[in-house]
Amino acid sequence: MFKKIFAPAAPVQKEESIQPQLKAVPRHIAVIMDGNGRWAKERGKPRTFGHRAGGQNLKTILRCCARLGVEALTAYAFSTENWKRPLTEVDFIMELFASYLDSEVAELDANNVQLRFSGDRSRLAPSLQKKMAAAEASLAHNTGIVLNLAVNYGGRAEIIRAAQKLAAQVKAGELRPEEIDEARFEAELYTAGLPAPDLLIRTGGDLRVSNFLLWQIAYAELWTTQVYWPDFTPQLLEEALLAYQKRDRRYGGLNTKP
Ligand code: IPE
Ligand code: IPE
Ligand code: MG
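Residue numbers (my numbering): 9 to 266.
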């Protein structure tokens, strides 16, 4: 069954095939799609060429995740720190989002995909904000995988925003400080309602989280590859999932082996 999902996968050892038990498939995968620029540079192309290829690849990986029964895929598309890049690159990435929304919403809908965005939209162009809201609304009736695109997202900014929202509720007399617990805090994060990521994948070889989902990845399993995002294939996703299935998730406790 899984062979089909990853086709045309290279043959894998029988015992290495992903186990179809639901518990073994991450409910939520988060991915730091890094390495687009270096991928393009290696090909003698401008960095923007890599972003375009990276955007295409997200479609492939989303399809795989959906077929596997993953409930949510959070993809880091643009960080609060990425504004430091040259304006031409930032503008290109913003144009890419807009054209992705224009061209993909119908197919996302046909595949029962729900769409969310995590991040501060207020700094984005009003026309892009409009497209984002329209896309979310037109896919809101779907019941399949949630594609959560992190756009102008920063984990620290998200935590500050949640703190401000709770402080405002306290000030308004709607909440007592001692009522603030993890559940109430999580309810103010962009990811409210999604399970915490089980697996965090970073492509491009760097071993850092770069301000991604700082709260949510408390107990995520980490998996990294040197491979640049545009070259991250379904076969590599399979590799990540096989590694994930072998992890012993203890959450600070002790797992007694049978
Ligand atoms: C990730 O690829 C995409 C974004 C940050 C928008 P990069 O653009 O960071 O590519 P590298 O890491 O410079 O190769
Ligand atoms: C992380 O990649 C952000 C995205 C993939 C959108 P960066 O390329 O911005 O991260 P750093 O600068 O290497 O930490
Ligand atoms: Mg990078």
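In this text, a Cβ means the ideal position worked out from N, Cα and C, and glycines have one as well.
Residue closest to residue i, alpha-carbon to alpha-carbon, out of the options
i: G212; options: L230, N219, Y236 and D206; result: Y236
i: D239; options: G63, V33 and A85; result: G63
i: G43; options: I69, T233, P134 and D110; result: T233
i: H149; options: R46, L116 and A226; result: L116
i: A38; options: L123, T88, R46 and A158; result: A158
i: I168; options: D214, W223 and P185; result: W223
i: E36; options: Y252, G261 and M102; result: It is worth fixing the name first, because residue 36 is His in this sequence and not Glu. Ranking Y252, G261 and M102 by Cα distance to H36 puts Y252 first.
i: P242; options: A80, R216, L76 and L221; result: L76
i: D128; options: N263, S107 and L197; result: L197
i: V4; options: I69, E89, A176 and L132; result: Outside the modelled stretch of the chain, which goes from 9 to 266, sits residue 4, for which no answer is possible.
i: A32; options: L174, L147, L136 and D206; result: D206
i: L174; options: R164, D189 and N160; result: D189
i: S135; options: N263, S146, E246 and S107; result: S107
i: G260; options: L245, L250 and A226; result: A226
i: A170; options: A200, S146 and D99; result: A200
i: A176; options: N160, F193 and R164; result: F193
i: Y84; options: K49, R124 and A191; result: R124
i: D256; options: W47, S87, L230 and E246; result: L230
i: E4; options: A191, L147 and A204; result: Past the edges of the chain, shown from 9 to 266, lies residue 4, and the structure says nothing about it.
i: T68; options: P185, E246, N160 and P34; result: E246
i: A133; options: P94, V98, C73 and V154; result: V98
i: R46; options: K138, E166 and D214; result: D214
i: S130; options: P54, R164 and N160; result: N160
i: Q137; options: E166, E187, A195 and M102; result: M102
i: R93; options: A74, C73, Q172 and R55; result: R55
i: C72; options: F86, N263, A248 and R258; result: A248
i: A74; options: L147, R51 and V154; result: V154
i: L244; options: K254, R258, R210 and N263; result: R210
i: P34; options: K254, E187, T264 and L262; result: K254
Boundaries (first-last residue) of the beta strand (DSSP E) holding residue i
i: I225; result: It is not in any beta strand (DSSP E) - I225 carries neither H nor E in the DSSP assignment.
i: V178; result: No beta strand (DSSP E) contains V178, which is instead part of the alpha helix (DSSP H) from G163 to K179.
i: S87; result: A80 to S87
i: Q122; result: Q122 to S126
i: I37; result: H36 to I40
i: L207; result: L207 to R210
Cβ distance (whole Å) where residue i is taken to contact residue j below 8 Å
i: G152; j: V113; result: Actually they are not in contact, since the Cβ atoms of G152 and V113 sit about 14 Å apart, beyond 8 Å.
i: N219; j: G162; result: 5 Å
i: L202; j: A228; result: Not really, about 13 Å apart at Cβ, beyond 8 Å.
i: N156; j: S111; result: 19 Å between Cβ atoms; not a contact.
i: M140; j: L109; result: 7 Å
i: L66; j: M41; result: 7 Å
i: T82; j: L221; result: 7 Å
Residue range of the alpha helix (DSSP H) that includes residue i
i: A141; result: P134 to L147
i: I69; result: R55 to L76
i: L245; result: P242 to Q253
i: L262; result: It is not in any alpha helix (DSSP H) - L262 carries neither H nor E in the DSSP assignment.
i: W47; result: N44 to E50
i: I101; result: L95 to A118
i: A191; result: E190 to E194
Tell me, please, whether the segment 171-186 touches the segment 50-66 by the rule of three or more beta-carbon pairs shorter than 8 Å.
Not touching, per the Cβ criterion.
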